[in-house]
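Position one of the first sequence corresponds to residue 22 (this note's numbering), numbered consecutively onward.
Just so you know, even glycine gets a beta-carbon here, dropped at the ideal spot from N, CA and C.
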Amino acid sequence: MSNQQIAITLPDGSVRQYPIGVTGMNIAMDISEGLARNVLAAKVNDEVWDAERPIDGDASVALLTWKDRDGKATFWHSSAHLMAEALESLYPGIKFGIGPPIENGFYYDVDFGDMELSADELPKIEECMRQLAREKNSFQRTDISKKEALKYFKDKGDEYKLELLQDLEDGTISFYQQGNFTDLCRGPHIPNTGFIKAIKLLNVAGAYWRGDEKNKQLTRIYGITFPKQKELSEYLELLEEARKRDHRKLGKELELFAFSEKVGMGLPLWLPKGTRLRERLEQFLRKAQVKAGYDPVVTPHIGGKNLYITSGHYEKYGEDSFQPINTPNEGEEFLLKPMNCPHHCEIYKVRPRSYRELPLRLAEFGTVYRYEQHGELHGLTRVRGFTVDDAHIFCRADQVKDEFLKVIDLTLFVLKALNFEDFTAQLSFRDPENKEKYIGEDEVWNRAEREITEAAGEKQLNTVTEYGEAAFYGPKLDFMVKDALGRIWQLGTIQVDYNLPERFELEYVGADNQKHRPVMIHRAPFGSMERFVAVLIEHCAGNFPLWLSPEQIAVLPISEKFHDYAQSLYTRLEAQDITGFVDQRDEKIGRKIRDAELKKIPFMLIVGEKEEQQQLVAVRKHGTGDLGQMSTDNFIQLVQQEIAAELDNN
RNA sequence: GCCGACGUAGCUCAGAGGUAGAGCGCUUCCUUGGUAAGGAAGAGGUCACGGGUUCAAAUCCCGUCGUUGGCUCCA
Numbered sequence: 022m023s024n025q026q027i028a029i030t031l032p033d034g035s036v037r038q039y040p041i042g043v044t045g046m047n048i049a050m051d052i053s054e055g056l057a058r059n060v061l062a063a064k065v066n067d068e069v070w071d072a073e074r075p076i077d078g079d080a081s082v083a084l085l086t087w088k089d090r091d092g093k094a095t096f097w098h099s100s101a102h103l104m105a106e107a108l109e110s111l112y113p114g115i116k117f118g119i120g121p122p123i124e125n126g127f128y129y130d131v132d133f134g135d136m137e138l139s140a141d142e143l144p145k146i147e148e149c150m151r152q153l154a155r156e157k158n159s160f161q162r163t164d165i166s167k168k169e170a171l172k173y174f175k176d177k178g179d180e181y182k183l184e185l186l187q188d189l190e191d192g193t194i195s196f197y198q199q200g201n202f203t204d205l206c207r208g209p210h211i212p213n214t215g216f217i218k219a220i221k222l223l224n225v226a227g228a229y230w231r232g233d234e235k236n237k238q239l240t241r242i243y244g245i246t247f248p249k250q251k252e253l254s255e256y257l258e259l260l261e262e263a264r265k266r267d268h269r270k271l272g273k274e275l276e277l278f279a280f281s282e283k284v285g286m287g288l289p290l291w292l293p294k295g296t297r298l299r300e301r302l303e304q305f306l307r308k309a310q311v312k313a314g315y316d317p318v319v320t321p322h323i324g325g326k327n328l329y330i331t332s333g334h335y336e337k338y339g340e341d342s343f344q345p346i347n348t349p350n351e352g353e354e355f356l357l358k359p360m361n362c363p364h365h366c367e368i369y370k371v372r373p374r375s376y377r378e379l380p381l382r383l384a385e386f387g388t389v390y391r392y393e394q395h396g397e398l399h400g401l402t403r404v405r406g407f408t409v410d411d412a413h414i415f416c417r418a419d420q421v422k423d424e425f426l427k428v429i430d431l432t433l434f435v436l437k438a439l440n441f442e443d444f445t446a447q448l449s450f451r452d453p454e455n456k457e458k459y460i461g462e463d464e465v466w467n468r469a470e471r472e473i474t475e476a477a478g479e480k481q482l483n484t485v486t487e488y489g490e491a492a493f494y495g496p497k498l499d500f501m502v503k504d505a506l507g508r509i510w511q512l513g514t515i516q517v518d519y520n521l522p523e524r525f526e527l528e529y530v531g532a533d534n535q536k537h538r539p540v541m542i543h544r545a546p547f548g549s550m551e552r553f554v555a556v557l558i559e560h561c562a563g564n565f566p567l568w569l570s571p572e573q574i575a576v577l578p579i580s581e582k583f584h585d586y587a588q589s590l591y592t593r594l595e596a597q598d599i600t601g602f603v604d605q606r607d608e609k610i611g612r613k614i615r616d617a618e619l620k621k622i623p624f625m626l627i628v629g630e631k632e633e634q635q636q637l638v639a640v641r642k643h644g645t646g647d648l649g650q651m652s653t654d655n656f657i658q659l660v661q662q663e664i665a666a667e668l669d670n671n
């Protein structure tokens, strides 16, 4: 090491002098031994490096530990290598695809040849990984020429790595070796495998090489690791908790919805309680929409083939959707509607429109049917028949921005009323590489994308931009929310559309007595009732806000003698639109309370001799406990106040 | 659509070639009770469906359907 000094700037702004060739690890050691024990990698001038990689000039350096996002990613990336090492030692001759870190853990795609890996073998692989981790092998980086790298993998017979190498430039290629395992890898890695203390391989799945379904399918093994056993246990508990919130499980337990093989896959049946919940949500939005100037409409579930030829749906999706329905005699063809917009366009066209009636906002809870690949169906979040809280706003070009902003407000109002705070607004734009997937002129698309971006900016939404996520007729602003298992779903959506008005030749007469083309905005604050309810169930773990609860109260008579009083009480509450049931089973009160608690019913009204004599109710709140006695009127007031508070936090 | 796993009572699950099991739920009876499970009895199954192997299949093999973890797709 030469004694030439370089200046290292640390995140706190302090600058230290070190000899050239100093490593992140050296610096950590210099700061404290504890830090050195925990340092996983170093961020050098905003690039993540191995902690042991020498730094050869002035630089800003941040030492990364488990607490850092990049530290975790490095840790998991190294864990993927460790898993690969274990796999190679257990199953010699297998070939490797890619093995990146992901949001929670890592995976590696492996070609096992003719062998099938069963999930039963995961513990064995884990054990092998633990042994290898104990060896504390360091991850050694070697820069290697492309020629040598190609030779290495040719000799090894790994065509996947060879394919990856094709795309790499000579001079930028590095190998990493730990123990007996060598991999093509840009790095960085943690100092040695000994940092990996807790290991869990989670599942095995198929994945196409390079994500292309034309390619061979590899076996993907998912795993997660931690520096401490305790962190793994906590993570597994979290997973367990998430499973408890799964809307498919709660939907069954709380009798909200069901599926039937006979009805067909992906076609949900809404049970009475689920329907009550759903209708409350609908009412809530209907009210808000009346206030916002929407006009409700109703249209049929099918539409003539020509409607969809006009709209462009037929050309775009006719082949991969439910096939047409034919009339027996005339041979007419109808399609199940995949969207409500064509019908709404026809409503717009029933008569000539004046600029004075714009914006025209047509709203419908419209049920649509889309053919989804069977492997893609998932509970209520991905189904083949669902109801969109749809509306189409027909407006003048100069009204687009303002209308768009109003729709953002409405969507935020809905999300806020249901306590969804953790969402991102995704600008879903056209894939510039793949324009033939979309209909409409460039100019029109650019304009719509610009308007959406501006509106989102004005509302200061937390946005991400995704190219290739647009609808085929226009760009979208999508509100993305996570479910219990961390999967991200699109709920609300707002879309500007210059194309359908063109295709349907929509017009209005302007102040200048000339014909003009309106612009359409498609929007759905919930997205669909099905997906929204699913995510809502997981969001509140089945403990719905009082105003939405399908069963708000359970009246629990202490014994049979008080059934009449309980029933009269219930009748009175029902008249106030407070719904639930009277538990007239021949059970003790403790049992009735337990069952009502498990059904997550917000309020229990316990009535016995004392209550009947004094015309009171003993109130018990779900998850809280006994609130004491009160008059029925006071209880009604309590409920009404709580509902008002829930709906008033906007 | 692709790769893997799974499908047994209403629900949650055990059983792995030889008479179909448990807990909860349900029905009836006893019990009439005060803030998270009172007691007893009973009903309930073509072990998803269709083929095959076998003296014998819920169990082993093949196919279909459905569910499920991913991948691809998604108006």
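With the cut-off set at 8 Å, would you say L223 and G120 are in Cβ contact? Position 202 of the first sequence, counted from the first residue, corresponds to residue 223. Position 99 of the first sequence, counted from the first residue, corresponds to residue 120. No. Outside cutoff.
Mind pulling the alpha helix (DSSP H) runs of 4 or more residues that sit fully within the region 213–246? If you keep only unbroken alpha helix (DSSP H) runs of at least 4 residues inside the region 213–246, you get nothing at all.
Measuring alpha carbon to alpha carbon, tell me which residue in S110, H98 and T645 is nearest V69. The sequence position of residue 69 within the first sequence is 48, counting from 1. Among S110, H98 and T645, the Cα nearest to that of V69 belongs to H98.
For K620 and R297, the rounded distance between their alpha carbons: For this step, residue 297 is matched to residue 276 along the first sequence. For this step, residue 620 is matched to residue 599 along the first sequence. Each residue's alpha carbon lies about 15 Å from the other.
Boundaries of the alpha helix (DSSP H) in which R37 is found, first to last residue: Numbered from its first residue, the first sequence carries residue 37 at position 16. It is not in any alpha helix (DSSP H) - R37 instead sits in the beta strand (DSSP E) that spans V36 to P40.
Under the DSSP definition of a beta bridge, which residues are partnered with T514? Locating residue 514 in the first sequence gives position 493, where the first residue counts as 1. According to DSSP, which records beta bridges pairwise, T514 is partnered with D499 and A545.
With a threshold of 16 other CB atoms inside 10 Å of the CB of H210, please say whether the residue is buried or exposed. Within the first sequence, numbered from 1, the residue matching residue 210 stands at position 189. Burial call: buried.
Does DSSP put S99 in a helix, in a strand, or in coil? Along the first sequence, read from residue 1 onward, the residue named residue 99 stands at position 78. Under the three-state reduction of DSSP, S99 is assigned to helix.
Are the region 580–595 and the region 534–541 in contact at 8 Å, needing three or more beta carbon pairs? When C-beta atoms of the region 580–595 are compared with those of the region 534–541, fewer than three pairs fall below 8 Å, so the two segments do not count as touching.
Going along the chain, which residues of its own chain have a beta-carbon closer than 8 Å to the beta-carbon of E551, five neighbours each way excluded? In the first sequence, the residue the question calls residue 551 occupies position 530. Cβ neighbours of E551 within its own chain (closer than 8 Å, five residues either side excluded): P289, L401, T402, V404, F407 and T408.
At least three beta-carbon pairs within less than 8 Å, the region 343–353 to the region 407–427: Taking 8 Å as the limit for Cβ pairs, the verdict is that the region 407–427 does not touch the region 343–353.
Return the first residue and the last residue of the beta strand (DSSP E) that G601 is part of. As a position in the first sequence, residue 601 is number 580, starting the count at 1. According to the DSSP assignment, G601 belongs to the beta strand (DSSP E) that extends over G601 to V603.
Would you give the residue range spanned by the beta strand (DSSP E) that Q394 belongs to? As a first step, residue 394 is located in the first sequence; it is residue number 373 there, counting from the start. Judged by DSSP secondary structure, Q394 falls outside any beta strand (DSSP E); it is assigned neither H nor E.
Determine the direct distance from the alpha carbon of G215 to that of G272, and round the result to whole angstroms. Sequence index remark: in the first sequence, residue 272 carries index 251 (1-based). Sequence index remark: in the first sequence, residue 215 carries index 194 (1-based). So the two alpha carbons sit approximately 44 Å from each other.
With a threshold of 8 Å on Cβ separation, who are the neighbours of D179 within its own chain once the five nearest residues in sequence on each side are excluded? On the first sequence, position 158 is the one that residue 179 refers to. Excluding its 5 nearest sequence neighbours in each direction, D179 has C-beta neighbours in its own chain below 8 Å: K116 and F117, listed in chain order.
Buried or exposed: which applies to T193, given that a residue is buried once 16 or more other Cβ atoms fall within 10 Å of its Cβ? Counted from its first residue, the first sequence places residue 193 at position 172. If you draw a 10 Å sphere on the C-beta of T193, you find fewer than 16 other C-beta atoms in it, and that means exposed.
CA-CA distance, P345 and G339? Against the first sequence, residue 345 aligns to sequence position 324. Against the first sequence, residue 339 aligns to sequence position 318. Annotation: P345 to G339 spans about 9 Å, alpha carbon to alpha carbon.
Report buried or exposed for E190, applying the criterion of at least 16 other Cβ atoms within 10 angstroms of its Cβ. Start at 1 with the first residue of the first sequence, and residue 190 comes out as number 169. Result: exposed.
Could you tell me how far apart the beta carbons of F547 and L260 are, in whole angstroms, since I believe they sit closer than 8 Å? As a working note, residue 547 is residue 526 in the first sequence. As a working note, residue 260 is residue 239 in the first sequence. With 8 Å as the limit, F547 and L260 do not qualify as a contact, their Cβ atoms being about 28 Å apart.
Straight-line gap, P623 to V640 (C-alpha atoms, nearest Å): Translated into the one-based positions of the first sequence, residue 623 becomes position 602. Translated into the one-based positions of the first sequence, residue 640 becomes position 619. P623 and V640: Cα-Cα distance of roughly 10 Å.
Bridge partners - L259, DSSP secondary structure assignment: Here residue 259 corresponds to residue number 238 of the first sequence, with the count starting at 1. L259 has no beta-bridge partner at all, per DSSP.
Could you name the residues of the same chain whose beta carbon sits closer than 8 Å to that of N24, not counting the 5 residues immediately before and after it, in chain order? Against the first sequence, residue 24 aligns to sequence position 3. Beyond the five residues adjoining it in sequence on each side, N24 comes within less than 8 Å, by CB distance, of P40 in the same chain, given in chain order.
Where does S375 land, buried or exposed, given buried means 16+ other C-beta within 10 angstroms? Counting from one through the first sequence, the residue named residue 375 turns up at place 354. Classification of S375: exposed, given that the 10 Å Cβ count is below 16.
Which partner residues of G324 appear in the DSSP bridge assignment? Residue 324 sits at position 303 when you count from the first residue of the first sequence. Answer is L356, bridged to G324.
Determine the closest residue to E663 out of P566, F133, L84 and E470, with distance taken between C-alpha atoms. By one-based count along the first sequence, residue 663 stands at place 642. Of P566, F133, L84 and E470, the smallest CA-CA separation from E663 is found for P566.
Pick from D411, K294 and K370 that is closest to L5, judged by C-alpha positions: It is not possible to answer for residue 5, since the shown part of the chain is limited to 22 through 671.
Pick from K182, Q198, Y129 and R155 that is closest to Q161, judged by C-alpha positions: For the purposes of this step, residue 161 is taken as residue 140 along the first sequence, with counting starting at 1. Residue Q198 is the option with its Cα nearest to Q161.
Would you report the Cα separation of Y674 and A72, rounded to the nearest angstrom? With the chain covering 22 to 671 only, the question about residue 674 has no answer from this structure.
Pop quiz: D91 and L85 are said to be a contact at Cβ under 8 Å. What is the actual Cβ separation, rounded to whole angstroms? The residue you call residue 91 lines up with position 70 of the first sequence. The residue you call residue 85 lines up with position 64 of the first sequence. The C-beta distance from D91 to L85 rounds to 5 Å, short enough to fall under 8 Å.
Under 8 Å: do the region 427–439 and the region 497–513 share three or more Cβ pairs, one atom per stretch? At 8 Å Cβ cutoff, the stretches touch.
Is it buried or exposed, A545, if we count other Cβ atoms within 10 angstroms and call 16 or more buried? The count along the first sequence starts at 1 and reaches residue 545 at position 524. When all chains shown are included, A545 counts as buried.
Considering only the alpha carbon of each residue, which of P380, M651, A438 and D452 lies closest to Q668? On the first sequence, residue 668 is found 647 positions in, with the first residue counted as 1. For clarity, residue 668 is Leu in the given sequence; the question names Gln instead. Checking every option, the nearest Cα to that of L668 belongs to A438.
Given a threshold of 16 other Cβ atoms within 10 Å of its Cβ, counted over all protein chains shown, does N361 qualify as buried or as exposed? Taking the first residue of the first sequence as position 1, residue 361 is located at position 340. Classification of N361: buried, given that the 10 Å Cβ count is 16 or more.
Buried or exposed for A412, please, with buried defined as at least 16 other CB atoms from any protein chain shown within 10 angstroms of its CB. As a first step, residue 412 is located in the first sequence; it is residue number 391 there, counting from the start. A412 is buried by the Cβ-count criterion.
In the DSSP output, which residue or residues are listed as bridge partners for Q650? Sequence index remark: in the first sequence, residue 650 carries index 629 (1-based). Per DSSP, the beta bridge partners of Q650 are A639.
For L205, the nearest candidate out of A219, K175, E630 and T645 (CA to CA): The residue given as residue 205 occupies position 184 in the first sequence. Of the listed residues, the one whose Cα sits closest to L205 is K175.
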